[in-house]
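Working notes, structure below.
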Amino acid sequence: MAIAVRARDLTVRYDGVLALDRVNLTLDEGQALGIVGPNGSGKSTLLKAVAGLIAPAGGSIHVFDGAPRSQPPGSIAYVPQVEAVDWSFPANVYDVVAMGRFPRMRALSPFSKHDREVVDAALEALHIGDLRNRHISQLSGGQQQRAFIARAIAQEPRLLLLDEPTTGVDAATEEALREFVRGLVAHGMPVLMTTHDLERATEWFDRLMVVDRRVLAEGAPATVLESGAYAGIREHAHTHGHLRTDAIQEHAEHD
Amino acid sequence: MIDALLAPFQYEFMQRAFVAALVVGTLCSTIGTYVVLRKLSFIGDGIAHASFAGIVIAYLRGMDYYVGAAIVAVLTALGIGYVTRRAKVSLDTAIGVLFTGAFALGVFLMSRLPTYNIDLQGFLFGNILAVSRADIVLILVLAALVFAVLILIYRPLLYASFDPVVAEASGIPVPLIDYVLLVLLALTVVISLEAVGIVLVAALLVTPAATAYQLTRRFRRMLALSALIGAICAVAGLYASYYLHAASGATIVLLVTLVFFMAMVSKRYRVVGSPGRTTE
Chain G
1141 MAIAVRARDL TVRYDGVLAL DRVNLTLDEG QALGIVGPNG SGKSTLLKAV AGLIAPAGGS
1201 IHVFDGAPRS QPPGSIAYVP QVEAVDWSFP ANVYDVVAMG RFPRMRALSP FSKHDREVVD
1261 AALEALHIGD LRNRHISQLS GGQQQRAFIA RAIAQEPRLL LLDEPTTGVD AATEEALREF
1321 VRGLVAHGMP VLMTTHDLER ATEWFDRLMV VDRRVLAEGA PATVLESGAY AGIREHAHTH
1381 GHLRTDAIQE HAEHD
Chain X
14 MIDALLAPFQ YEFMQRAFVA ALVVGTLCST IGTYVVLRKL SFIGDGIAHA SFAGIVIAYL
74 RGMDYYVGAA IVAVLTALGI GYVTRRAKVS LDTAIGVLFT GAFALGVFLM SRLPTYNIDL
134 QGFLFGNILA VSRADIVLIL VLAALVFAVL ILIYRPLLYA SFDPVVAEAS GIPVPLIDYV
194 LLVLLALTVV ISLEAVGIVL VAALLVTPAA TAYQLTRRFR RMLALSALIG AICAVAGLYA
254 SYYLHAASGA TIVLLVTLVF FMAMVSKRYR VVGSPGRTTE
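The following block contains the structure:
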C-alpha cells in the first residue's frame, strides 16, 4: 500500500509556544491511525498540520508525496469537532452535505446527477437520509457529527481526518461510526483520527499513537495500551468518560 | 390619478434616481446576505466612513471623488482582512481601528483646508437626486462587475462563509475568497454613497438580509428574499420621499427598518402554530 501521510520531525509553534515537537508519523493507505493524548497535547494541531491549515515551524509534512496544500481540491477531508460552526446558518442537512461536492466543482457548473448521487449515498451511509430536510440547528450532537462526516465522504476524499468524532455521541452512534469508518478503511481509505476513548481503540485502529507534544508511544493498539505509555493520560480519559456520560444523557433526551 | 402616481417619473433626474435606487438596493442587500451571515454588520459602516478620507484626498488632488473613495475603500477593506490575519485580533476590532483611523485622516485633512466646497452633507446623507448620467453608467458597470464575481465564486464563498476551516482543508482558497468579498463590499459601499450616504449605507447592507433571515432558513431563499426586499424598499422609499418631501436615503432606510420589524413580528406569530417547529 502507498504511503498517504508522512511527517518528519514535524514541529509546530503557536505564538512561540511549542505545540508539537519533532513528531514522526507514517500512515499507509487502507490504515486507521488513532491519536490519543490529554487536552492540549497537540492532537488537533497534528490533524490541522496534516490538513495544511497550519504551516510547520520545522520538519516536513507530506500528503501523497506533496505538501498538503498542493493536493488537488477535494483530496483531504477534515472533520473538526462539531462546536466549530454557526448552527443557526440557513442550511438544512442536505445543504451541508452537498457542500462536500463544492471543492470538486467548477465555477458555474450545475449540480450534476453524479453530485446528487454521491450526496444521497453519503446521507444513506451515515443513516441521516430521513433528516435531509431538517435545519441543522435541530440536530442532536450525534446527528451533527454524522452530517459532518457525510459531508466529508461526499467530497470523495483520498484522506480522511477526524477530530474526536466520538466525543459527545451516544454508544449506538459511536458503533455505527466505527463500522462505517472501518468499512472505508477496508476499501483503502487512510484515516487519521484523534480520540479520548481508549476502550474502543483496538476496534477502531490498526495503529495507535500516544502524543503529548512529542510522540510517547506508537504501535499496535493493544501493545501501546499495555505499555503504560499513557499512564498519566488514563486519568484524563476517566474524567472525560464521566463528562461523556452526562453528554450522552443530554443527547438521549434530544433524540 | 394616474398622472399623480407617475408624477415623479416626469423628471429625468427622478428617472435616474429610481435606476440608482433599484441597482443600489439590490446590490447592497445581495452582498448584505454574506455580511449578516458572517457577522460583519459593522463593516459597511467602517468602509463607508473610511472612504471619506478618499473623498477629501480626491478633492485636494482634483480627482473624481468616487475614484478617491473607491481607492481608499478597497485599501481599507484589504487592510481589515490583513490586520485580522496578522494581528490575530477579531474582525470587528480590525474594522474599528482602521475605519476610525481613516475617517480621522479625512477630518484632519479637511480641517487644514482654509476653505472647501465639498458637499459634505451630500456624502454623509446621500443625494440620490443629484445622480448624473455618468454616475448611472459607473453604478451599472460596477454593479454588473460585483454581481458577476458573486456568481462566479458562489459555491466557494458559501462554503467559506459557513465553515472556513473545513473549506480550506478541502482545498478552497479561503483567504483569497475572503479578500475578494471585502473588495466587492468596498465597491458596493462606494457605489451606494451617492444614493444613501456614508451614515446610512450600513442599513442597506444589513437590514434587508436580516429581514430575509427572519423569513427563511435556506441560504438561496435568504439571498433572493434579501435582494427583493432591498430592491422594493429602495424604490418604494424613494417614491415615498418624493411625496413626503423628505430625504430619500433616510426614507429608504426607515422603510427597510419598518419591514424588518414586520417580518420579526410575523415570524413570532407563525412559529407558535407551526407544525415544523416542534422541539424533539
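As you go down the protein sequences, you meet chains G and X in turn. Under our numbering, the letters of the first sequence match residues 1141 to 1395, in that order. Under our numbering, the letters of the second sequence match residues 14 to 293, in that order. Note that beta-carbon positions come from the ideal geometry of N, C-alpha and C, so glycine has one too. It should be emphasised that the depicted structure is a prediction, and the values quoted were computed from it without experimental measurement.
Chain-ordered neighbours of residue i on chain X, where CB pairs are closer than 8 Å
i: G:Y1218; result: V178, V179, A182 and S183
Interface residues of chain G facing residue i [CB-CB closer than 8 Å]
i: X:Y79; result: Correct list: empty, because the minimum Cβ distance to chain G is about 29 Å.
i: X:M235; result: P1230
i: X:F175; result: V1225, D1226, F1229, A1231, V1236 and M1239
i: X:Y226; result: P1230
i: X:Y255; result: Chain G residues near X:Y255: none, gap ~35 Å exceeds 8 Å.
Interface residues of chain G facing residue i [CB-CB closer than 9 Å]
i: X:T229; result: P1230
i: X:P169; result: F1242, P1243 and A1247
i: X:F232; result: F1229, P1230, A1231 and D1235
i: X:Y47; result: Under the 9 Å cutoff, chain G gives no residues; its nearest Cβ is about 12 Å from X:Y47.
i: X:L165; result: A1247 and L1248
Cβ-based neighbour list, residue i, same chain, cut-off 8 Å, excluding 5 preceding and 5 following
i: X:R125; result: none
i: G:D1168; result: M1141, A1142, I1143, A1144 and P1330
Residue i versus residue j - alpha carbon distance
i: G:D1303; j: G:L1271; result: 23 Å
i: G:L1279; j: X:S205; result: 40 Å
i: X:A86; j: X:L195; result: 10 Å
i: G:T1185; j: X:E207; result: 48 Å
i: G:I1201; j: X:T224; result: 46 Å
i: X:Y167; j: G:L1193; result: 22 Å
i: X:C246; j: X:A263; result: 12 Å
i: G:V1219; j: G:P1305; result: 8 Å
i: X:D105; j: X:A66; result: 20 Å
i: X:A276; j: X:L238; result: 12 Å
i: G:M1245; j: G:R1162; result: 37 Å
i: X:F335; j: X:T89; result: Only positions 14 to 293 of chain X appear in the structure, and residue 335 of chain X is not among them; the question remains open.
i: G:V1325; j: G:I1268; result: 21 Å
i: X:V269; j: G:P1250; result: 33 Å
i: G:R1374; j: G:R1318; result: Because the pLDDT of G:R1374 is 48, which lies under 50, any placement of that residue in the model is unreliable, and the number read from its coordinates should be weighed accordingly. Spanning the two alpha carbons is a distance of roughly 22 Å.
i: G:R1347; j: G:D1337; result: 14 Å
i: G:G1174; j: G:F1345; result: 6 Å
i: X:L91; j: X:Y192; result: 6 Å
i: G:K1183; j: G:G1177; result: 7 Å
i: X:Q23; j: G:I1293; result: 60 Å
i: G:H1327; j: G:A1265; result: 14 Å
i: X:V144; j: G:G1308; result: 58 Å
i: X:V96; j: X:S103; result: 9 Å
i: X:L118; j: X:S254; result: 33 Å
Anticipated Cβ contact below 8 Å, residue i with residue j, distance rounded
i: X:L228; j: X:K280; result: 7 Å
i: X:S183; j: G:P1212; result: In fact, because the Cβ distance is near 11 Å, the residues do not count as touching under 8 Å.
i: X:V37; j: X:M123; result: With a Cβ gap of about 26 Å, X:V37 and X:M123 do not count as contacting.
i: X:L271; j: X:S261; result: Contact doesn't hold; Cβ gap of about 16 Å is too wide.
i: X:L200; j: X:V159; result: 6 Å
i: X:L163; j: X:T39; result: About 12 Å; that fails the 8 Å criterion.
i: G:D1255; j: X:F232; result: Not really, about 17 Å apart at Cβ, beyond 8 Å.
Proximal residues of chain X, C-beta to C-beta of residue i below 7 Å
i: G:S1215; result: G184
i: G:G1177; result: Residues of chain X passing the Cβ test: none, with the nearest at roughly 21 Å.
i: G:P1305; result: Within 7 Å Cβ-Cβ: nothing; G:P1305 doesn't reach chain X, min ~13 Å.
i: G:A1416; result: The question about residue 1416 of chain G has no answer, for chain G in this structure spans 1141 to 1395.
i: G:Q1295; result: S183
Same chain, Cβ closer than 6 Å to residue i, five either side skipped, listed in chain order
i: X:I108; result: F55, I56, G59 and I93
i: G:L1165; result: A1147
i: G:A1357; result: V1350, V1364, S1367 and A1369
i: X:T291; result: Per-residue confidence for X:T291 stands at a pLDDT of 34, beneath the threshold of 50, marking its modelled position as unreliable; no derived number is given.
i: X:L170; result: I190
i: X:L335; result: There is no way to answer for residue 335 of chain X, as the model of chain X reaches only from 14 to 293.
Sequence-distant residues of the same chain with beta carbon closer than 7 Å to residue i, five excluded per side
i: X:V212; result: L137 and F138
i: X:V202; result: G57, I60, A61, S64, A86 and V214
i: G:P1196; result: L1150, T1151, V1152 and A1189
i: X:Y226; result: V49 and M235
i: G:L1158; result: R1353
i: G:M1239; result: R1291
i: G:V1237; result: V1259, A1262, L1263, A1287, A1290, R1291 and A1294
i: G:A1362; result: T1342
Any non-hydrogen atom of the ligand ATP closer than 7 Å to residue i Cβ
i: G:F1288; result: By its list of ligands, the structure shown contains no ligand whatsoever, and the ligand ATP lies outside what it can speak to.
Contact set between residue i and chain G, taken where Cβ atoms lie within less than 7 Å
i: X:L50; result: F1229
i: X:L213; result: Per Cβ cutoff of 7 Å: no residues; X:L213 is ~26 Å from chain G at best.
i: X:Y172; result: M1239 and F1242
Closer than 8 Å, Cβ to Cβ, to anything on chain X: give me those residues from the segment 1235–1252 of chain G, in chain order. D1235, V1236, M1239, G1240, F1242, P1243, M1245, A1247 and L1248
Along the segment 1252–1286 of chain G, where does the CB come closer than 7 Å to a CB of chain X? Name the residues. H1275
Anything in the segment 79–105 of chain X with a Cβ closer than 9 Å to a Cβ of chain G? List those residues in chain order, please. K101
Name, going along the chain, the residues of the segment 118–139 of chain X whose beta-carbon falls closer than 8 Å to a beta-carbon of chain G. none
Residues within the segment 1198–1214 of chain G neighbouring chain X, beta-carbon criterion of under 9 Å: P1208, R1209, Q1211, P1212, P1213 and G1214
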